[in-house]
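See structure below.
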Amino acid sequence: MTLIQHLTRQLLQTTLLGFLFFNNVIVQVQAQDHSDSRWITTWATSPSSLLPIGEDYEIVENQTLRLIVHSSVGGDSVRLRLANYHGDQPIHIGAASIALQVEGSSIQDGSSEDVSFSGAQSVTIPRGAVILSDPVSFIVPELSNLAVSLYIPNPSGFLTAHALSNQTNYISEAGNHSSSTNLPVASESPAWNLLTAIDVIKEGAVTAIATVGDSITDGWGSTLSGNQRWPNHFARRLFADSSITNFAVVNAGISGNRVTTEGNLLFGQNLQARFERDVLALNKITHIVLLEGINDIGMPSMEAGEPITAEEIIAGYRNIIARAHARDIKIFGATLTPYEGAVYYTEAGEQVRQEVNRFIRNGREFDGVIDFDAVVQDPNRPVRILPIFTEDNLHPNDAGYKAMADAINLDLFR
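Numbering (our numbering), first residue to last: 2 to 415.
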């Protein structure tokens, strides 16, 4: 065989192997079917904690996270969205699974399904990146608790997290316990680490409503692990009304979050900075309910610097409205709830709240108004929340959150 013949044969073999490899990749991608138009986000959370500079933080090593989440719409296939947005290094996931929760850290026997990534059991998420798992054949019941388990074999570095989930999550003793029915628990955690969304395949004309806000949307003040946030109550109302097409309801609230600026690292990027990632990137969002701005008003009273004006908050709203409308998404403005008696209440801040609420009610820039202020205020003293609805004069309790959800005009979603 001449040199030319030898090189030609090698070239043909390489080309053939490349063709087969390429086509195998194509077949795998098609089998994963990520482009299926029926994918819809049933649950989501917004990463909050930003990387602390020059401070120590806890890591996970050779341990399994078990994260408890609550679905909205159900489906018969599922995929996970994992993110390393705020990590300080790549993070390796050694194994992952999804199951039905029974109670606490326990899962329903036989319900656990392994989750793969491009056909592999493990995956490394680059710093700053987000990944989708392969689709898994798994029946997700509507309005039910799921347990997502992630095994972290190596030192994790800083974990991207929704720090204050109002849900007890679990960190195991040493080892891969991703499929264990009863997790050997080393500690409990208030954080949803790494997991940012769960999508399902759902038949029919189903779209999603994103509830966007701060701790009042995040459910602070409601029963721990009770799914008593106002978006949970709202989802239950929608599902109970047969005259309304099914909607997923996803929660993009972050406790302490602001429209205009940042404060504590636990409270995440300001809404205008995170809106694309935390809301617009979710699947099949057609409606948004926006309830945010009270921290912009209140928190500066405890910080150095100038207070935020109503005009600055309204400018932030207009930015969000424009970006929603550019995606043909309807956005409803929710009035800011009373806060007299809260730790950061001031009379000057109350005047700003009233001015912002006048814009929401009368500005005609939102596609509709949800008047949460009117729902929870004390009729004898409208600058405060009705005492039966709150424990701290800022956040509603279970009854307050239910009253908010019950007052939403469902005609907005017909």
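Where a beta carbon is used, it is the ideal one built from N, C-alpha and C, also for glycine.
For Val344, count neighbouring C-beta atoms within 10 Å of its own C-beta (all shown protein chains included) and say buried if the count is 16 or more, exposed if not. By 1-based counting over the sequence shown, the position of residue 344 is 343. Under this definition Val344 is an exposed residue.
May I ask you to report which of helix, strand or coil DSSP gives Arg328? Taking the sequence shown and counting its residues from 1, one reaches residue 328 at position 327. Coil at Arg328, not helix or strand.
What are the uninterrupted segments assigned as beta strand (DSSP E) that are 3 or more residues long and contained completely in the region 140 to 218, given in chain order? 146 to 153, 170 to 173, 186 to 190, 196 to 202, 208 to 214
With contact counted as at least three CB pairs below 8 Å, one residue from each stretch, are the region 329 to 341 and the region 273 to 292 in contact? yes
Simplified DSSP state of Arg39, which is helix, strand or coil: Taking the sequence shown and counting its residues from 1, one reaches residue 39 at position 38. Arg39 falls in the coil class under three-state DSSP.
Given Ser226, which residues of its chain have a CB within under 6 Å of its CB, disregarding the five upstream and five downstream residues? Sequence index remark: in the sequence shown, residue 226 carries index 225 (1-based). Correct list, in chain order: Gln168, Thr169.
Can you tell me whether DSSP reads Ala236 as helix, strand or coil? Within the sequence shown, numbered from 1, the residue matching residue 236 stands at position 235. If DSSP states are grouped into helix, strand and coil, Ala236 belongs with the helices.
Would you call the CB atoms of Gly222 and Glu392 closer than 8 Å? On the sequence shown, residue 222 is found 221 positions in, with the first residue counted as 1. On the sequence shown, residue 392 is found 391 positions in, with the first residue counted as 1. Yes, Cβ-Cβ distance for Gly222 and Glu392 is below 8 Å.
Taking only three categories from DSSP, how would you classify Ala241? Translated into the one-based positions of the sequence shown, residue 241 becomes position 240. In the structure shown, Ala241 sits in a helix (DSSP, three-state: H, G or I).
Exposure label - Asn228; buried when at least 16 CB within 10 Å: The residue given as residue 228 occupies position 227 in the sequence shown. Classification of Asn228: buried, given that the 10 Å Cβ count is 16 or more.
From the DSSP output, in three-state form, read off Glu312 for me. To locate residue 312, count along the sequence shown from 1; it is residue 311. Helix at Glu312.
Check whether the region 176 to 185 and the region 104 to 124 touch, using three or more Cβ-Cβ pairs below 8 Å as the test. Yes: the two stretches touch, three or more of their Cβ pairs being nearer than 8 Å.
Determine the direct distance from the alpha carbon of Ala192 to that of Thr212, and round the result to whole angstroms. The residue given as residue 212 occupies position 211 in the sequence shown. The residue given as residue 192 occupies position 191 in the sequence shown. Roughly 19 Å separates the two Cα atoms.
Gly299 burial status per 10 Å Cβ neighbour count (16 or more: buried): Residue numbering aside, residue 299 sits at position 298 when the sequence shown is read from its first letter. Label assigned to Gly299: buried.
Through-space distance from Thr287 to Ser1, alpha-carbon basis: The requested residue 1 does not occur in the structure, where the chain is confined to residues 2 to 415.
Within a Cβ cutoff of 7 Å, which residues of the same chain sit near Leu337, ignoring the five residues on either side of it in sequence? Here the question's residue 337 lines up with position 336 in the sequence shown. Gly294, Ile295, Arg354, Val357, Asn358, Asp374, listed in sequence order.
Expected contact under 8 Å - CB spacing of Leu267 and Ala164 to nearest Å: As a working note, residue 267 is residue 266 in the sequence shown. As a working note, residue 164 is residue 163 in the sequence shown. Confirmed, Cβ separation roughly 5 Å.
Output yes or no for whether 8 Å exceeds the beta carbon distance between Ile322 and Phe367. Translated into the one-based positions of the sequence shown, residue 322 becomes position 321. Translated into the one-based positions of the sequence shown, residue 367 becomes position 366. Cβ atoms of Ile322 and Phe367: closer than 8 Å.
Just to confirm, does Ser47 get its C-beta within under 7 Å of one of the non-hydrogen atoms of the ligand MN? In the structure shown, the ligand MN is absent, as is every other ligand, since no ligand is present at all.
8 Å is my cut-off, CB to CB: does Ser180 come that close to chain B? Protein chain content of the structure displayed is limited to a single chain, and chain B is not contained in it.
Mapping the DSSP letters down to three states, classify Gln352 as helix, strand or coil. Within the sequence shown, numbered from 1, the residue matching residue 352 stands at position 351. It is helical.
Beta-carbon spacing of Ala130, Ile69 below 8 Å: Position 129 of the sequence shown, counted from the first residue, corresponds to residue 130. Position 68 of the sequence shown, counted from the first residue, corresponds to residue 69. Contact flag unset, no.
Nearest by alpha-carbon distance to Ser49: which of Asn381, Gln378, Glu313, Asn252 is it? Here residue 49 is taken as the residue at index 48 of the sequence shown, counted from 1. Selected option, being the one with the closest Cα: Asn252.
Need the endpoints of the beta strand (DSSP E) that Ile386 sits in, please. Taking the first residue of the sequence shown as position 1, residue 386 is located at position 385. Unbroken beta strand (DSSP E) run through Ile386: 382 to 386.
To the nearest angstrom, how far is it from the Cα of Pro156 to the Cα of Asp57? Numbered from 1 along the sequence shown, position 155 holds the residue referred to as residue 156. Numbered from 1 along the sequence shown, position 56 holds the residue referred to as residue 57. The straight-line gap from Cα to Cα measures roughly 14 Å.
Which value, in whole angstroms, describes the spacing of the CA atoms of Thr208 and Arg39? Position 207 of the sequence shown, counted from the first residue, corresponds to residue 208. Position 38 of the sequence shown, counted from the first residue, corresponds to residue 39. Each residue's Cα considered, the two are about 9 Å apart.
Coarse secondary structure for Gln273, derived from DSSP in three states: On the sequence shown, residue 273 is found 272 positions in, with the first residue counted as 1. Of the three classes helix, strand and coil, the one that applies to Gln273 here is helix, per DSSP.
Length of the line joining the Cα atoms of Asp399 and Ala121: The count along the sequence shown starts at 1 and reaches residue 399 at position 398. The count along the sequence shown starts at 1 and reaches residue 121 at position 120. So the alpha carbons of these two residues sit roughly 42 Å apart.
C-alpha gap between Leu195 and Leu83, whole angstroms: As a position in the sequence shown, residue 195 is number 194, starting the count at 1. As a position in the sequence shown, residue 83 is number 82, starting the count at 1. One C-alpha to the other measures close to 5 Å.
Between which two residues does the alpha helix (DSSP H) carrying Asp1 extend? This structure leaves residue 1 out entirely; the chain is present only between 2 and 415.
Mark Leu151 as exposed unless 16 or more other C-beta atoms lie within 10 angstroms of its C-beta, in which case mark it buried. On the sequence shown, position 150 is the one that residue 151 refers to. Taking all protein chains shown into account, Leu151 has 16 or more neighbouring C-beta atoms within 10 Å of its C-beta and is therefore buried.
Inter-residue spacing [alpha-carbon to alpha-carbon] between Asn177 and Pro154: Counting from one through the sequence shown, the residue named residue 177 turns up at place 176. Counting from one through the sequence shown, the residue named residue 154 turns up at place 153. When rounded, the distance between both Cα atoms is 8 Å.
Within 10 angstroms of its Cβ, does Asn284 collect 16 or more other Cβ (buried), or is it exposed? For this step, residue 284 is matched to residue 283 along the sequence shown. So Asn284 counts as buried.
Leaving out five residues before and five after Ala325 in sequence, what residues of the same chain have Cβ atoms less than 7 Å from its Cβ? Looking up residue 325 in the sequence shown gives position 324. Taken in chain order, the residues that qualify are Ile289, Ile332.
Could you pull out every residue in the same chain whose Cβ sits closer than 8 Å to the Cβ of Val377, ignoring the five residues on either side in sequence? Numbered from its first residue, the sequence shown carries residue 377 at position 376. Result list for Val377: Thr338, Pro339, Ile386, Leu387, Phe390, Thr391, Pro397, Gly401, Ala404, Met405, in chain order.
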